[in-house]
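Residue numbers (the numbering used here): 1 to 344. Heads up, the beta-carbon is just placed ideally off N, CA and C, and yes, glycines get one too. Keep in mind it's a predicted model, so treat the numbers as computed, not measured. So the structure is just underneath, and the comments pick up after that.
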């Protein structure tokens, strides 16, 4: 299945913008807790979940895209450190608590930041995390060459730095000054016009060199727009929805069809569906979806406490999760005055 540039139909945006109303946190907690208490749920998450971790969402509250440029190019070298250093926020930990308590055992995430894994890393090993969380669109934390060899992303970052000393100096200066370019959820960044990309060198894949062939066709292990999700991942996403009684959707407009079709599939299977998001979504055109419009970070800790009751305090793992999480929202605007490296 090919991932197209996501859109929400104009008719849906017009209707949604006139009909959507915020509700009180107390009412939202009551509705969500009631939904989750009636049976085990699969969870679908999107970029809105990671906003409180400082990672910008693609869409604003009015449904317009914040940055229409989806080409990776080589800007991902500069965009990776903010994603690498991002930490889970309270919503990640609340969902991890629901996973751990088997209320919502499986998460299908459209995000490529790895923050769901980070939130439960201290209690689940890697195989268990991979079983519990399906990264629908891949991960930024690995790089793959055109022959299928995989490289740890930080190792690849260090390889790039070695052959691009000017860019490394530029990145180091950004780190020191705290001036970072605007970073999108896919790790791409916005740089000033006139930045020279032709002097950026992409190192060869070490495994390919070992096999006596040159190959600098490497990219993050992410499904970008225009590329296709593997059959294995697609089938697994449907299996997760089918194996649970209901579907809870958090922090996404469902503009990408890979996620939207899972919601449609759940409705076709007559499964209850609840969507927690701010602003219009592609699901606004569907019957059978209960929408709660309030930021997830406002309510999800209290939702877990309401669902689990005394266990939320007595279980030390869950209690610690509900005290964890950063809140570091991304800046509102990109500073076009940000300097570019000398000579580049």
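What span of residues does the alpha helix (DSSP H) with residue i cover, start to end?
i	result
residue 25	25 to 36
residue 260	257 to 268
residue 120	115 to 120
residue 301	296 to 308
residue 85	76 to 85
residue 312	311 to 314
By a C-beta neighbour count over all protein chains shown, 10 Å radius and 16 as the cutoff for buried, is residue i buried or exposed?
i	result
residue 197	exposed
residue 184	buried
residue 283	buried
residue 133	buried
residue 328	exposed
residue 226	exposed
residue 348	This structure leaves residue 348 out entirely; the chain is present only between 1 and 344.
residue 199	exposed
residue 269	exposed
residue 191	buried
residue 135	buried
residue 112	buried
residue 253	buried
residue 300	buried
residue 41	buried
residue 130	exposed
residue 125	exposed
residue 209	exposed
residue 280	buried
Could you spell out the range, first to last residue, of the beta strand (DSSP E) harbouring residue i?
i	result
residue 143	138 to 145
residue 104	Where residue 104 is concerned, there is no enclosing beta strand (DSSP E), given that its DSSP letter is neither H nor E.
Which of helix, strand or coil does DSSP assign to residue i?
i	result
residue 170	helix
residue 207	helix
residue 152	strand
residue 324	coil
residue 237	helix
residue 61	Residue confidence is low: residue 61 scores 46 on pLDDT, short of 50, so the model does not pin down where it sits. No coordinate-derived value is stated.
residue 129	helix
residue 95	helix
residue 165	helix
residue 279	coil
residue 48	helix
residue 157	helix
residue 284	helix
residue 317	helix
residue 199	coil
residue 90	helix
Our contact map puts residue i next to residue j with C-beta atoms below 8 Å; I'd like the distance itself, whole angstroms only.
i	j	result
residue 98	residue 202	Not confirmed; about 41 Å, so no contact.
residue 141	residue 115	About 11 Å separates the two Cβ atoms, so there is no contact after all.
residue 292	residue 107	Incorrect: roughly 18 Å between the Cβ atoms, too far for contact.
residue 307	residue 37	6 Å
residue 297	residue 89	6 Å
residue 304	residue 94	5 Å
residue 247	residue 263	7 Å
residue 318	residue 80	The Cβ separation is near 32 Å, so there is no contact.
residue 222	residue 44	Between residue 44 and residue 222 the Cβ distance is about 18 Å, and since that is not below 8 Å, they are no contact.
What does DSSP give as the partner residues of residue i in its beta bridges?
i	result
residue 135	109
residue 246	41
residue 273	247 and 289
residue 220	143
residue 189	183
residue 53	Looking at the DSSP assignment, residue 53 forms no beta bridge with any residue, so it has no partner.
residue 177	Paired residue(s): none; residue 177 is not in a bridge.
Answer yes or no: the CB of residue i versus the heavy atoms of the ligand PLP, is any distance below 6 Å?
i	result
residue 182	Ligands in the displayed structure: none, and consequently the ligand PLP is not present.
Step through the CB atoms of chain B and report whether any lies within less than 7 Å of the CB of residue i.
i	result
residue 219	The structure shown contains no chain B; it holds only a single protein chain.
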